[in-house]
Amino acid sequence: MSYTVDFKNVSAVGLESSPVAKALAGLRANEARYFINKFKHVFRAC
């Protein structure tokens, strides 16, 4: 199941099993912000 990554409200959904889930969630949010600014496209994660 995929979902839209929100870069304003960072969530660790799908990363709970990782010991560095917060850092990965922040990285994913950064990518989402980049995609929206650069390509005007919503970033979706699986």
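Per this note's numbering, residue 122 is the first one in the sequence shown, and the count goes up by one each step.
For glycine and all other residues, C-beta sits at the position ideal for the given N, C-alpha and C.
Please report how far the alpha carbon of residue 150 lies from the alpha carbon of residue 141, in whole angstroms. Against the sequence shown, residue 150 aligns to sequence position 29. Against the sequence shown, residue 141 aligns to sequence position 20. Each residue's alpha carbon lies about 14 Å from the other.
Classify residue 153: buried if its beta carbon has 16 or more other beta carbons within 10 angstroms, exposed otherwise. Within the sequence shown, the letter at position 32 stands for residue 153. It is buried - the Cβ of residue 153 has at least 16 other Cβ atoms within 10 Å.
Residue 166 - partner residues in DSSP beta bridges: For the purposes of this step, residue 166 is taken as the residue at position 45 of the sequence shown. DSSP output for residue 166 lists 124 as bridge partner(s).
State the DSSP-derived secondary structure class of residue 147, mapped to helix, strand or coil. By one-based count along the sequence shown, residue 147 stands at place 26. Helix.
May I ask you to report which of helix, strand or coil DSSP gives residue 137? Looking up residue 137 in the sequence shown gives position 16. If DSSP states are grouped into helix, strand and coil, residue 137 belongs with coil.
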